[in-house]
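Residue numbers (this note's numbering), protein chains in the order written: chain U, 1 to 514; chain X, 515 to 647. From the three backbone atoms N, C-alpha and C, an ideal C-beta is built for every residue, glycine too. What you are looking at is a predicted structure, and each value in this text was computed from that prediction instead of being measured. In what follows, a single structure is set out as C-alpha cells and then discussed.
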Amino acid sequence: MHIDARTLEDGSLVEGDICIVGAGASGISMAMDWIGGPYKVILLEGGGFEYDDKNQDLFAGKNIGQNYYPLRSSRLHYFGGTTGHWGGYCSTFDEIDFQKRDWVEHSGWPIKRSDLDPFYMRAHKIVELGSYNYSLPYWQYEQPYMKTLLPNEDVVWNKMWQFSPPTRFGVKYRDAIVNAPNVHLYTHAHVVDMKTDDQVTGINEIITKNFEGRSLRVRAKKYVLACNGIQNPRLLLASNKQAPKGLGNDHDNVGRYFMDHLEIKSAEMYLFKPDRLILYALTGKPRAELSITAAMQEQHRILNGTASLTPLKVARKMHPNIENWSKEDPRESLKREHGSYIEASKNLRLEKISGDLYDAYELFTRMEQAPNPDSRITLDTEKDALGVPRAILNWKLGSLEKKSIRKLYELIGIEMGKAGVGRIKLMDYLQDANDANWPDFTGGGWHHMGTTRMNEDPRTGVVDANCRVHGLNNLYIAGDSVFATSAAPNPTLTIIALTLRLSDHLKEVVAKPV
Amino acid sequence: MNRRDFTRITALSIPGIALLFQGCKNSSGTFEEALSLPRTLYKFIDPKEIHEIGKAYLALSPQEADKIKLTGLLLNGRNDKATQMNPSPDQAIEMIEANIHEDFRQDRTSIIKGWILATTEARQCAFYTIIHN
Ligand SMILES: Cc1cc2nc3c(=O)[nH]c(=O)nc-3n(C[C@H](O)[C@H](O)[C@H](O)COP(=O)(O)OP(=O)(O)OC[C@H]3O[C@@H](n4cnc5c(N)ncnc54)[C@H](O)[C@@H]3O)c2cc1C
Chain U
1 MHIDARTLED
11 GSLVEGDICI
21 VGAGASGISM
31 AMDWIGGPYK
41 VILLEGGGFE
51 YDDKNQDLFA
61 GKNIGQNYYP
71 LRSSRLHYFG
81 GTTGHWGGYC
91 STFDEIDFQK
101 RDWVEHSGWP
111 IKRSDLDPFY
121 MRAHKIVELG
131 SYNYSLPYWQ
141 YEQPYMKTLL
151 PNEDVVWNKM
161 WQFSPPTRFG
171 VKYRDAIVNA
181 PNVHLYTHAH
191 VVDMKTDDQV
201 TGINEIITKN
211 FEGRSLRVRA
221 KKYVLACNGI
231 QNPRLLLASN
241 KQAPKGLGND
251 HDNVGRYFMD
261 HLEIKSAEMY
271 LFKPDRLILY
281 ALTGKPRAEL
291 SITAAMQEQH
301 RILNGTASLT
311 PLKVARKMHP
321 NIENWSKEDP
331 RESLKREHGS
341 YIEASKNLRL
351 EKISGDLYDA
361 YELFTRMEQA
371 PNPDSRITLD
381 TEKDALGVPR
391 AILNWKLGSL
401 EKKSIRKLYE
411 LIGIEMGKAG
421 VGRIKLMDYL
431 QDANDANWPD
441 FTGGGWHHMG
451 TTRMNEDPRT
461 GVVDANCRVH
471 GLNNLYIAGD
481 SVFATSAAPN
491 PTLTIIALTL
501 RLSDHLKEVV
511 AKPV
Chain X
515 MNRRDFTRIT
525 ALSIPGIALL
535 FQGCKNSSGT
545 FEEALSLPRT
555 LYKFIDPKEI
565 HEIGKAYLAL
575 SPQEADKIKL
585 TGLLLNGRND
595 KATQMNPSPD
605 QAIEMIEANI
615 HEDFRQDRTS
625 IIKGWILATT
635 EARQCAFYTI
645 IHN
C-alpha cells in the first residue's frame, strides 16, 4: 500500500508493528521479507518515486578531511535509494574480516562470517546474482577458459566477484511493495526527529516532514533506521532533545569510525607474454581480483585488499572517480563517470586492432580502511530546508592503508617473479615507504561504513550483535553504518545479508508479547 | 645449461672474469651485453629507465659499484668463489636467468624506482649503468 505523506493532514498519527526508515537497498530488502506476514510494516521514504532536486538537497553537507565526493551526490534520496546508481559489484567478506586482528586497532566483530552465510544466500536472490558460490574451481568448471595468472594460492589468491544486473530496487520491487497489504509505504516522509521516553530507554515516536509542511507521527513496536551510512548517524545525532549528545551516543561513538574503501590505481603489471586474462576481465560474468591470503595479511600485518586488472592502454584513458564524481548533482556526476568509461572503451576497440592490448595492465586497488575514531561524521550548525543540521564529513586515512597497498603489490610482484609471468611497477606515490601522503586521484568507493559500529560493549560500539542501538530497547540499525570493519569488497551484499539477519531477529522479537 | 657448466661457472675467479670481457661475442652479443641487458625487463623498460634503476641500486649498494665485482655477483650470486671457466654470453644469460628465478624464490627482491625486481635484475641494471656512464 502506498500513501503520499504530502496528502495527509498535518500532524497525522500512524501506528504499526515495525517502522523501517529509508527505502533503499536495506529498507526495501527488509520490507520485502515481511510481505504477507501478520505484521503491519510502516516503510518511511523521505523522497518520492523519482529524483527530485529539492529532496536531494537534504543530503548536502561539507567535506573537511581527505578529498571526497560531494555528500549531496554520493547517495540518492528517493524510493530505491542509492541502488539507482550502484554498479552491482558483489562479493562476500572473508573470515578474517570479522576477526580481531592485533595489528588493526578496533578490529573484530561480535559475529563470524559463518553467521552470515545463510543470509548471503538469501541476499543473492534479492540482487539477482547467480549461484551462491565464490570458489574459483566452481567457476572454472563452469567456464574452463578462466585461467589463473599465478599457479598457486599460498600468498596471492583469486577472490571471486559476481555482478548484479545491477538491480534497481526502486524499479524491481516497487510493485511488490505498493501492492502488499501489510506494508504501508509512505513517500515524502522524511524523518527529522526521533522522540524517546523520558528515561531515554526507547523510541516513542518518529516525526517526518516534507516540503508541503505536512508532518507525520509514526509509532511502532520496533524501529529500524535504514537511511545509509551518513544519514543514520546524522539522524541519531540530530535527535537530541531528550539525549543532548544524540541517541545511542552516551559514549561518543555515533558518527565516528567512518570508513570507505580506498579505490585507487596503484601499479602497472607487465607480462612476458600477452594474455587476455579473462578470469579477471570485466565482462559481467563472475570474475576474480587478486587478494592476499589471511596468513600473509597476518604475517605482514596488513589490511585486506584486492587488485583488479584493466588493460593499461584502456586504463590510461580513464579519469579517476574522484575527478568524475565532483558534481553536486548526482545525475551529472554519473554522466561524467559513464563518459569516462565510454571514452576508454572506444580506445579498447581501437587498440584491439593493433593486437598488443593485453601485454600490460593497470592494477587498481580496493583496500579496506582501518577503523579510525577521528574519521567521522558530525553535525553542522547549518540546517537543511526541513530544519535538520547538515552533516560534515571528516574522512581521515592512516598509514596502515598505504603500507597495506604497497605490500599487496610487492607480494603480487614477487609471486609473478616466481611464476615467471611478468613484473610489476608501483606508481610514484607508493615508491617511498616513508611517504604518508596520498595523491590527488585518491578516491573512495562511495561506501559509507562504520558510523554506528557493531560491538557488544556500549563503550566501543553503537549497536549490539543484533543491530540494536545500545541503551534503547526498540531502535535497530540496518546498513553499512553497523560494519565494525570494512573488509575489501563493496558493501551492499553484506548490507543485505545483515539486514535479513536483523529481519529474522525482529520477527522473533515482535512475535513475543510486550 | 647443464649442471656441470653451472658448477664450473659458479667457480669463476675475479681475474678469470676480467678475461671474459675480452672479445667474447656470439649470437647473443658480447659478454658485456649479456650481463647488462636484463632480458626479463628490456621488453618493457627502456634503456633510460634501466640506467635510472641501476643508479638507484648503486646508491643503495655503493660497495658493488665495480664492474668486476658485479660480474661475479651476477654470475655466482656470490662473489667469494673462484672459477676456471669462461662462460659464453649465452651461458651467462642462462645463469643469470636461473639466478633471477632463485632470487624470487628466496625473496631476494627489492623495490627500485617502483619496480619489484630480483636482486640479480637490479644488479644487471647497475652493470648497465656502469658501462654506460
Ligand atoms: C556511484 C555508486 C556506485 C556504487 N556501486 C556499488 C557497487 O558496485 N557495489 C556495492 O556493493 N555498492 C555500491 N554502491 C553503494 C551502494 O549504493 C550502497 O551500499 C547501498 O545503496 C546502501 O544501501 P542503504 O539501504 O544503506 O542506503 P541507500 O540505498 O542510500 O538507501 C537509503 C534510503 O533512505 C532514504 N532516507 C535517507 N534519509 C532519510 C530520512 N531522514 N527519512 C526517510 N528516508 C530517508 C533515502 O532516500 C534512501 O531511499 C555504489 C554507490 C554509488 C554512489
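Please classify residue i: does DSSP put it in a helix, a strand, or coil?
i, result
"T494(U)", "helix"
"A511(U)", "helix"
"N63(U)", "strand"
"R592(X)", "With a pLDDT of 43 at R592(X), under the threshold of 50, the predicted position of this residue should be treated as unreliable, and no value is reported."
"H505(U)", "helix"
"S550(X)", "helix"
"V224(U)", "strand"
"A391(U)", "strand"
"V314(U)", "helix"
"K125(U)", "helix"
"E368(U)", "coil"
"T597(X)", "Note on T597(X): pLDDT 43, under 50, position unreliable in the model; the coordinate value appears next. Residue state, collapsed to three classes: coil."
"L279(U)", "helix"
"I302(U)", "coil"
"S386(U)", "The sequence as given places Leu at residue 386(U); Ser does not occur at that position. If DSSP states are grouped into helix, strand and coil, L386(U) belongs with coil."
"Y120(U)", "helix"
"T208(U)", "strand"
"E525(U)", "Chain U is shown from 1 up to 514; residue 525(U) falls before or after that span and cannot be answered."
Roughly how many whole angstroms lie between the Cα atoms of residue i and residue j?
i, j, result
"G628(X)", "W109(U)", "36 Å"
"G531(U)", "F163(U)", "Chain U is shown from 1 up to 514; residue 531(U) falls before or after that span and cannot be answered."
"K221(U)", "S91(U)", "34 Å"
"T293(U)", "S107(U)", "18 Å"
"I582(X)", "L150(U)", "36 Å"
"A606(X)", "A579(X)", "20 Å"
"A548(X)", "P274(U)", "25 Å"
"W516(U)", "E611(X)", "This structure cannot speak to residue 516(U), because chain U is shown only from 1 to 514."
"P330(U)", "R75(U)", "8 Å"
"T196(U)", "L400(U)", "40 Å"
"L574(X)", "L589(X)", "20 Å"
"V314(U)", "Q577(X)", "42 Å"
"E382(U)", "E212(U)", "21 Å"
"K497(U)", "T378(U)", "The displayed chain sequence assigns Ala, not Lys, to residue 497(U). Roughly 28 Å between the two C-alpha positions."
"D594(X)", "P601(X)", "At D594(X) the pLDDT is 43, less than 50, meaning the model places this residue with poor confidence and gives no usable figure here."
"T521(X)", "G586(X)", "Low per-residue confidence applies at T521(X): pLDDT is 34, beneath 50, and the placement is therefore not dependable enough to give any value."
"I302(U)", "A436(U)", "15 Å"
"K112(U)", "N466(U)", "13 Å"
"E50(U)", "P561(X)", "58 Å"
"G202(U)", "V14(U)", "18 Å"
"A632(X)", "M259(U)", "36 Å"
"M160(U)", "D97(U)", "16 Å"
"P137(U)", "N158(U)", "10 Å"
"Y429(U)", "T442(U)", "10 Å"
"L279(U)", "S375(U)", "36 Å"
"K557(X)", "A360(U)", "11 Å"
"K241(U)", "T499(U)", "28 Å"
Tell me which same chain residues have a C-beta within less than 6 Å of the C-beta of residue i, skipping the five on either side of it?
i, result
"L236(U)", "G246, L247, G248 and V254"
"S239(U)", "D193, M194 and L247"
"R72(U)", "F59, A60 and E328"
"G27(U)", "I20 and A226"
"M121(U)", "Y132"
Would you check whether ligand 2 has a heavy atom nearer than 7 Å to the C-beta of residue i?
i, result
"N228(U)", "Ligands in the displayed structure: ligand 1; ligand 2 is not one of them."
For residue i, which residues in the same chain have their Cβ closer than 7 Å to its Cβ, ignoring the five residues on either side in sequence?
i, result
"G87(U)", "P166"
"H251(U)", "P458 and R459"
"L216(U)", "A5, L8, S12, V14, Y186, A189 and T208"
Using C-beta distances below 8 Å, list every residue in its chain close to residue i, excluding the 5 sequence neighbours before and after it, in chain order.
i, result
"D17(U)", "Y39, K40, V41, A220, K221, K222 and V510"
"M32(U)", "I126, Y173, A176 and I177"
"G48(U)", "D4, N55, Y78, F79, T187 and H188"
For residue i, go through chain A and note every residue whose CB falls closer than 9 Å to its CB, in chain order.
i, result
"G628(X)", "Protein chains U and X are contained in the structure displayed, whereas chain A is not."
Only counting runs of 4 or more residues, tell me where the alpha helix (DSSP H) segments fall wholly within the segment 12-91 of chain U, in order along the chain.
25-34, 53-56 and 71-74
Length at least 4, wholly inside the segment 127-199 of chain U: the alpha helix (DSSP H) runs in chain order
136-142, 169-172 and 174-178
Secondary structure, beta strand (DSSP E): runs of 3+ residues fully inside the segment 394-471 of chain U:
422-426
In the segment 250-276 of chain U, which residue ranges form an unbroken beta strand (DSSP E) of at least 3 residues, counting only runs that do not cross its ends?
262-271
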